[in-house]
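For reference, the structure is listed below as structure tokens.
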Amino acid sequence: MCNSGENSVSVISTETSSEVKRIPTGASPYKIAASPNGNFIYVTNQQSSNVYVINTQTNTVISVIPVGLLPTGIAVSPNGQLVYVLNTNTNTVSIIRTADNTVTATIILPYSSPSDLVFSPDGSKAYITNLNSNNLSIIDTGTNTIIATVNTELNPLGVTITPDGAKVYILNSSSGTVSVLNTAANTITAIIPVGQYPYGAKPDTDGTRIFVTNFFSNLISVIDTASDTVVGTITSELYPADIVIRP
Numbered sequence: 000m001c002n003s004g005e006n007s008v009s010v011i012s013t014e015t016s017s018e019v020k021r022i023p024t025g026a027s028p029y030k031i032a033a034s035p036n037g038n039f040i041y042v043t044n045q046q047s048s049n050v051y052v053i054n055t056q057t058n059t060v061i062s063v064i065p066v067g068l069l070p071t072g073i074a075v076s077p078n079g080q081l082v083y084v085l086n087t088n089t090n091t092v093s094i095i096r097t098a099d100n101t102v103t104a105t106i107i108l109p110y111s112s113p114s115d116l117v118f119s120p121d122g123s124k125a126y127i128t129n130l131n132s133n134n135l136s137i138i139d140t141g142t143n144t145i146i147a148t149v150n151t152e153l154n155p156l157g158v159t160i161t162p163d164g165a166k167v168y169i170l171n172s173s174s175g176t177v178s179v180l181n182t183a184a185n186t187i188t189a190i191i192p193v194g195q196y197p198y199g200a201k202p203d204t205d206g207t208r209i210f211v212t213n214f215f216s217n218l219i220s221v222i223d224t225a226s227d228t229v230v231g232t233i234t235s236e237l238y239p240a241d242i243v244i245r246p
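Residue numbering for the sequence shown follows numbering that gives the first Met the number 0, beginning at 0 and increasing consecutively.
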């Protein structure tokens, strides 16, 4: 868990629900992504413009990787070989090779404020929300090029994908909606009203439900992926942000 105000990451035991260690990071840690095998986590530090790599077996920082300005969104490819980092203030994507923790390529986005991303299950594509351009970039990870751009509603902040890769759900923070992308055609097939300022989302393990946090409504919207409608809401504490589904 990122503690942005004190520049650290807390390690929480899932057995006791208590903090077992606090690891110093760079300035303003923002998001965490884990390797598929769980051996490493990657932390974006917004004000330091770098990524910390932490070994989860020893809970120690093993590498510090410079990236672009104000890194926010981060994701590890399904095969664990690459980490994509979104640099919000430079409108770029830094691509880190995990074998040696070096930046091997940088993608320049012709859009403003990339905020979040998700990989397709096979790793062939990355879907990136551009907060201030009101669109979604689709990247071919084999060539590191933009192959499609899809318009969204206002200020797309978060994004998630179904386990089968058939649908991408885009959270339009200022519209209070979720856009549904059919990945076969790269077209929007539904726009779902949710709460105020949808922020984070994850699917359940079988992909039948998407859980969306609504930052200013203090609730979680439950979306049925077959009908793409809200089928329930869950009241939360104040300002729910990101969300994780236990496997």
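Even glycine gets a Cβ: it sits at the ideal position worked out from N, Cα and C.
Would you report the Cα separation of residue i and residue j, rounded to the nearest angstrom?
i           : j           : result
residue 120 : residue 163 : 7 Å
residue 152 : residue 57  : 43 Å
residue 104 : residue 234 : 42 Å
residue 192 : residue 177 : 6 Å
residue 148 : residue 168 : 15 Å
residue 76  : residue 3   : 25 Å
residue 222 : residue 73  : 24 Å
residue 165 : residue 34  : 23 Å
residue 240 : residue 38  : 25 Å
residue 217 : residue 232 : 10 Å
residue 55  : residue 185 : 37 Å
residue 115 : residue 161 : 16 Å
residue 181 : residue 227 : 12 Å
Less than 7 Å between C-beta atoms, sequence neighbours within five positions excluded: which residues of the same chain meet that for residue i?
i           : result
residue 81  : 94, 95, 96 and 97
residue 159 : 117, 168, 200, 201, 202 and 209
residue 211 : 170, 177, 193, 197, 200, 219, 220 and 222
residue 136 : 108, 110, 127, 129, 145 and 148
In the DSSP assignment, what residue or residues form a beta bridge with residue i?
i           : result
residue 281 : Lying outside 0 to 246, the shown extent of the chain, residue 281 is not represented and no answer is given.
residue 28  : 44
residue 189 : 179
residue 63  : 51
residue 233 : 219
residue 97  : DSSP, once it has assigned bridges, lists no residue as partnering residue 97.
residue 18  : 11
Give the C-beta separation of residue i and residue j to the nearest angstrom, bearing in mind that I take them to be a contact with Cβ-Cβ under 8 Å.
i           : j           : result
residue 208 : residue 224 : 7 Å
residue 100 : residue 52  : 6 Å
residue 22  : residue 1   : The Cβ separation is near 10 Å, so there is no contact.
residue 127 : residue 113 : 5 Å
Quick one: what's got a C-beta closer than 8 Å to residue i's C-beta in the same chain, skipping five residues either side?
i           : result
residue 123 : 139, 140 and 141
residue 70  : 29, 43, 44, 45, 48, 49, 50, 84, 85, 86, 87 and 93
residue 111 : 90, 129, 130, 131 and 132
residue 205 : 162
In chain order, what residues of the same chain have a beta carbon less than 6 Å from the beta carbon of residue i, not counting five sequence neighbours either side?
i           : result
residue 150 : 134
residue 154 : 130, 172 and 173
residue 12  : 19
residue 190 : 176 and 178
residue 238 : 214
Given 8 Å, three or more beta-carbon pairs between the segment 191-207 and the segment 136-146: no
Given 8 Å, three or more beta-carbon pairs between the segment 11-22 and the segment 61-70: no
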